[in-house]
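**Q** Submitted below is the structure of interest, expressed as structure tokens.
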Amino acid sequence: MNYLARTSIVVVAVCAFLLSTNAEAARKAKDLLQYIPEDTPYVMAFTKPLPDDVMDKFEPAVDKTLSAYQRILRYHMSEQMVELSNQEGGAEQAEQLQSFMDEILGLMSVQGLRDAGMGRDALFAVYGDGLLPVIRIALSNRAKFDAAIERIESKASEALPTATVSGESYRYLDLDEMRVVIATLGNDAVISLVPASVGDERLSQTLGLTKPRKNLAKSKTLKNINKEYGYTDHFMSFIDVERIASVFTGDPSGRNAEFLAVMDHDPSELSAQCQAEFKSLASVAPRIVMGYKAVNKDFLETGMVVELRDDIAAGLATLPAAVPGLGPDLGGLFSFGFSLDPLALRSFYEARLDAMEADPFECEALGELQASTVKGREALAQPVPPVVYSFRGFLANITNIEGMDVATQTPPESIDASILFAIENAQDLVTMAAMMSPEVAALNLIPDGKAKLLDLPQLAEIAEQAFAALSANGLSVSMGEGADANAEAMLTAEVAKSKPLMSAAFDAKRYYEFVGKAMMEEEAAEGGEQIPLAMRVALRDAMVSSGEMYERVAVNVHLTERGVEVNTSMTLAD
């Protein structure tokens with residue numbers, strides 16, 4: 000139990016950091032960023048508190064979610080305590096474990112976090128000192144945080160080991176060759192994972208006791224990212240893929256030496272050719288950036304960009320095609336669609352094969368990748384029906400589903416939905432279908448955009464009426480209420496100026512309720528035991544309470560000259 004207790008203290012400390020969201024201690028963003036090296040390979044920094052009216056909406060749902068997870072953890076621990084009680088002398092240990100877990104689980108609420116010194120508006124960051132992960136958070140009350148850790152240790156009957164570095168005390172837990180370090184430094188709490196053999200000088204750097212001379216507070220890196228991508232200063236993040244790759248392919252000495260030794264990796268064992276080619280691969284997607292694009296009481300908008308090498312980005316930017324209605328939130332229960340120009344995809348793939356054949360990989364570790372060019376050429380040589388190259392995309396919008404029961408695998412009694420197939424010379428596709436289906440032939444569809452009644456027995460079971468409509472470049476099918484008008488509207492919807500590769504949107508509350516209901520009805524896997532009802536109820540409640548924060552969520556993926564751009568808009572619930 001002692002090892003479990005010590006581990007739990009560490010886990011709780013980490014979770015408390017990540018769940019806390021009082022700027023009283025944080026003061027300014029620079030007070031956080033001054034500890035982060037300018038050359039950090041990754042960072043996720045919350046440098047400005049979310050507005051109070053946003054947090055007022057989030058906290059009740061977060062409290063409900065934490066309450067549900069409390070119940071889940073209590074269930075798992077109850078099984079261990081029963082087993083422990085049945086052992087000789089185990090009753091006393093079980094009682095001690097119960098007391099210990101009560102103290103830990105008491106932190107899993109908004110008020111519990113506040114009582115442990117975690118304020119509502121705490122600024123915090125997760126970043127790399129080299130590759131070593133560091134979590135740093137500004138505490139609203141250092142004394143409360145230390146007292147919470149001490150209470151947990153007292154219930155565990157065994158405290159975490161302590162040590163000092165640069166005159167500061169810290170707790171730690173060894174996990175084989177790695178060590179979790181927890182320190183309260185000034186008004187900040189810091190957690191890091193370091194090699195167990197780490198020296199004092201290196202540990203002092205990681206904990207920020209020796210501040211990096213070049214740091215993100217002085218650097219323009221984050222400011223430039225925000226300016227280029229339109230991010231706010233609430234949250235910013237990046238992962239530098241090339242910088243990470245250089246650790247594994249460059250000089251093995253320096254800040255990452257001890258960590259690489261634990262991993263039993265010596266970059267000098269790689270040939271110069273392999274080092275160069277791995278670095279070249281990293282340059283394909285050199286950096287990933289993330290941030291908030293809009294923050295207010297009505298909605299949050301986030302952005303993520305996988306930056307790509309210029310030639311790759313330019314090639315991929317040709318892939319999206321024109322699909323009417325793809326991009327905007329259609330307002331239904333769930334919508335999903337994508338666009339793709341197959342001929343542009345073929346051209347892009349051919350160009351990549353050409354490049355790999357003109358300058359082949361010579362590193363033995365990349366031999367299989369290089370050999371894939373042969374299979375690629377064979378695939379391109381296969382005949383492809385012309386209709387494939389006419390395809391441009393797909394869009395489905397489900398506005399309502401009634402009568403579906405996951406538990407009994409009962410199909411829906413009715414569906415209101417519309418589907419669009421974007422395809423050049425759509426009449427040719429219908430003609431082919433008519434040759435194989437008398438029902439399709441009987442529709443006599445012509446590319447005039449007018450809805451025709453779709454009398455198919457397969458659809459009659461789930462929709463009172465269904466209609467199809469055809470245009471020069473699209474075929475739509477709609478069923479349910481207003482199906483005729485919806486079928487025509489799908490064909491004439493506006494094409495987004497910036498064509499998305501993929502788009503999805505959903506009613507958050509109804510979606511999470513649906514997933515929660517599915518969890519309630521989940522059957523046991525073959526040969527396994529069904530999850531107990533109390534556990535399923537807790538899982539359902541966790542899912543449903545998550546959905547209470549949002550009304551709608553919409554995601555769009557674009558391929559641009561910068562790379563792969565993912566924008567997510569979340570409408571907040573009242």
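Numbering that gives the first Met the number 0 applies: residue 0 is where the sequence shown begins, and numbers increase by one.
Cβ atoms here follow ideal geometry from the backbone N, Cα and C, with glycine treated the same way.
Cutting at 6 angstroms between CB atoms, please list the residues of its own chain near Ile238, excluding the five before and the five after it.
**A** Position 239 of the sequence shown holds residue 238. Tyr41 and Ile287.
**Q** CB-CB under 6 angstroms to Tyr510, same chain, minus the five flanking residues each way: which ones, in chain order?
**A** Sequence index remark: in the sequence shown, residue 510 carries index 511 (1-based). Answer for Tyr510: no residue qualifies.
**Q** If you draw a straight line from the alpha carbon of Glu361 to that of Ala147, how long is it in whole angstroms?
**A** Along the sequence shown, read from residue 1 onward, the residue named residue 361 stands at position 362. Along the sequence shown, read from residue 1 onward, the residue named residue 147 stands at position 148. If you take the alpha carbons of Glu361 and Ala147, they lie about 56 angstroms apart.
**Q** Could you say which of Val164, Pro323, Met435 and Gly88 lies nearest to Ala471 if we only look at CA atoms?
**A** Translated into the one-based positions of the sequence shown, residue 471 becomes position 472. Out of Val164, Pro323, Met435 and Gly88, Pro323 has the C-alpha closest to the C-alpha of Ala471.
**Q** From which residue to which residue does the alpha helix (DSSP H) around Val240 run?
**A** Locating residue 240 in the sequence shown gives position 241, where the first residue counts as 1. Element bounds for Val240: Val240 to Thr248.
**Q** Compute the distance between the beta-carbons of Ala507 and Arg551, then report whether it is under 7 angstroms.
**A** Looking up residue 507 in the sequence shown gives position 508. Looking up residue 551 in the sequence shown gives position 552. Yes; because the gap between Cβ atoms is below 7 angstroms, this pair is in contact.
**Q** Between Leu538 and the rest of its own chain, which residues show a CB-CB distance below 6 angstroms, the 5 nearest in sequence each way excluded?
**A** What you label residue 538 is simply residue 539 of the sequence shown in a count that begins at 1. Answer for Leu538: Met518, listed in chain order.
**Q** What beta strand (DSSP E) runs, 3 residues minimum, are completely inside the stretch 115–197?
**A** You should have 123–128, 131–137, 161–164, 167–174, 177–184 and 187–194.
**Q** Could you check whether the stretch 331–343 touches the stretch 233–252, counting it as contact only if at least three pairs of C-beta atoms, one from each stretch, sit closer than 8 angstroms?
**A** No: the two stretches stay apart, fewer than three of their Cβ pairs being nearer than 8 angstroms.
**Q** Please look up how many angstroms separate the CB atoms of Gln97 and Met80, rounded, as I've assumed it's under 8 angstroms.
**A** As a first step, residue 97 must be located in the sequence shown, where it is residue number 98. As a first step, residue 80 must be located in the sequence shown, where it is residue number 81. About 6 angstroms separates the two Cβ atoms, so the contact holds.
**Q** Under a Cβ-count criterion, where at least 16 other Cβ atoms within 10 Å of its own Cβ denotes burial, should Glu306 be classed as buried or exposed?
**A** If you number the sequence shown from 1, residue 306 lands on position 307. Per the 10 Å Cβ criterion, buried.
**Q** Give me the Cβ distance between Ser475 and Ala484, rounded to the nearest whole Å; I'm assuming they're in contact under 8 angstroms.
**A** If you number the sequence shown from 1, residue 475 lands on position 476. If you number the sequence shown from 1, residue 484 lands on position 485. In fact, because the Cβ distance is near 11 angstroms, the residues do not count as touching under 8 angstroms.
**Q** Please go through the stretch 200–271 and give each complete beta strand (DSSP E) segment of 3 or more residues, from N-terminal end onward.
**A** Runs found: 234–239.
**Q** Compute the beta-carbon to beta-carbon distance between Val133 and Val189, rounded to the nearest angstrom, for a pair I have assumed lies under 8 angstroms.
**A** The count along the sequence shown starts at 1 and reaches residue 133 at position 134. The count along the sequence shown starts at 1 and reaches residue 189 at position 190. 7 angstroms between Cβ atoms; contact.
**Q** Reducing DSSP to helix, strand and coil, say where Ala22 ends up.
**A** Here residue 22 refers to the residue found at position 23 when the sequence shown is read from its first residue. Residue confidence for Ala22 is low, a pLDDT of 35 falling below 50, so the modelled location carries little weight; the figure read from the coordinates is stated next. Ala22: helix per DSSP, three-state reduction.
**Q** Contact check, Asp340 vs Leu318 under 8 angstroms by CB: the rounded distance?
**A** Counting from one through the sequence shown, the residue named residue 340 turns up at place 341. Counting from one through the sequence shown, the residue named residue 318 turns up at place 319. Indeed they touch by this definition, with Cβ atoms about 6 angstroms apart.
**Q** If you compare alpha carbons, which of Tyr169, Asn255 and Val197 is closest to Asp187?
**A** The residue given as residue 187 occupies position 188 in the sequence shown. Of the candidates Tyr169, Asn255 and Val197, the one whose C-alpha sits nearest the C-alpha of Asp187 is Tyr169.
**Q** When we look at the beta-carbon of Ser165 and count the other beta-carbons within 10 Å, is it buried (16 or more) or exposed?
**A** For this step, residue 165 is matched to residue 166 along the sequence shown. Counting Cβ neighbours within 10 Å, Ser165 comes out exposed, since fewer than 16 surround it.
**Q** What is the DSSP secondary structure of Leu318, counted as helix, strand or coil?
**A** As a first step, residue 318 is located in the sequence shown; it is residue number 319 there, counting from the start. Three-state DSSP puts Leu318 in coil, outside helix and strand.
**Q** Can you say whether Glu23 is buried or exposed, counting buried as having 16 or more other CB atoms within 10 angstroms of its CB?
**A** By one-based count along the sequence shown, residue 23 stands at place 24. Low local confidence applies: a pLDDT of 38 at Glu23 is under 50, so the model's placement there is unreliable, and no value is given.
**Q** Rounded to whole angstroms, what is the Cα-Cα separation between Tyr549 and Ala541?
**A** Walking along the sequence shown from the start, residue 549 turns up at place 550. Walking along the sequence shown from the start, residue 541 turns up at place 542. Rounded to whole angstroms, Tyr549 to Ala541 spans 14 angstroms at the Cα level.
**Q** How many angstroms separate the CA atom of Ala121 from the CA atom of Gly290?
**A** Position 122 of the sequence shown holds residue 121. Position 291 of the sequence shown holds residue 290. Ala121 and Gly290: Cα-Cα distance of roughly 17 angstroms.
**Q** Is the distance from the Cβ of Val109 to the Cβ of Asp55 below 7 angstroms?
**A** Reading the sequence shown from its first residue, position 110 is the one you call residue 109. Reading the sequence shown from its first residue, position 56 is the one you call residue 55. No, the pair does not count as a contact, with Cβ atoms beyond the cut-off.
**Q** Pull up the CB-CB distance for Pro36 and Pro211, whole angstroms please, since I reckon it's below 8 angstroms.
**A** Here residue 36 refers to the residue found at position 37 when the sequence shown is read from its first residue. Here residue 211 refers to the residue found at position 212 when the sequence shown is read from its first residue. So it is a contact: roughly 4 angstroms between Cβ atoms.
**Q** How should Ile136 be labelled, buried or exposed, when 16 other C-beta atoms within 10 angstroms of its C-beta is the threshold for buried?
**A** As a working note, residue 136 is residue 137 in the sequence shown. So Ile136 ends up on the buried side.
**Q** Check each candidate in Asn214, Pro59, Ala503 and Glu377 and name the one with the smallest Cα separation from Gly326.
**A** Your numbering for residue 326 matches position 327 in the sequence shown. Nearest option by C-alpha distance: Ala503.
**Q** Just tell me which of Gly198, Ala271, Ala488 and His75 has its CA closest to the CA of Ala416.
**A** By 1-based counting over the sequence shown, the position of residue 416 is 417. For the residues Gly198, Ala271, Ala488 and His75, the minimum Cα distance to Ala416 belongs to Ala488.
**Q** Compute the Euclidean distance between the alpha carbons of Ala44 and Ile224, then round it to the nearest angstrom.
**A** Against the sequence shown, residue 44 aligns to sequence position 45. Against the sequence shown, residue 224 aligns to sequence position 225. About 13 angstroms.
**Q** Identify whether Phe347 lies in helix, strand or coil by the three-state DSSP scheme.
**A** Position 348 of the sequence shown, counted from the start, is the residue given in the question as residue 347. Helix, per DSSP.
**Q** Ends of the alpha helix (DSSP H) at Phe513?
**A** In the sequence shown, residue 513 corresponds to position 514, counting from 1. Per DSSP, Phe513 belongs to the alpha helix (DSSP H) from Ala507 to Met519.
**Q** If you follow the beta strand (DSSP E) that Asp415 is part of, which residue opens it and which one closes it?
**A** Within the sequence shown, numbered from 1, the residue matching residue 415 stands at position 416. Its beta strand (DSSP E) spans residues Ser413 to Ile422.
**Q** Compute the Euclidean distance between the alpha carbons of Ala93 and Leu138, then round it to the nearest angstrom.
**A** Working through the sequence shown from its first residue, we reach residue 93 at position 94. Working through the sequence shown from its first residue, we reach residue 138 at position 139. Cα to Cα, the separation comes out at about 33 angstroms.
**Q** Count the C-beta pairs between the stretch 383–398 and the stretch 291–306 that are closer than 8 angstroms, then say yes if the count reaches three, no if not.
**A** Because the criterion of three Cβ pairs below 8 angstroms is not met, the stretch 383–398 and the stretch 291–306 do not touch.
**Q** Under three-state DSSP, which class holds Ile400?
**A** Taking the first residue of the sequence shown as 1, we reach residue 400 at position 401. Correct three-state label for Ile400: strand.
**Q** Pull up the distance between the alpha-carbon of His557 and that of Val565, whole angstroms please.
**A** Against the sequence shown, residue 557 aligns to sequence position 558. Against the sequence shown, residue 565 aligns to sequence position 566. Computed Cα separation, rounded: 7 angstroms.
**Q** Leaving aside the five residues before and after Asn214 along the sequence, list all residues of the same chain whose C-beta is less than 8 angstroms from its C-beta, in chain order.
**A** In the sequence shown, residue 214 corresponds to position 215, counting from 1. Contacts found: Leu32, Gln33, Tyr34, Ile35, Pro36 and Glu37.
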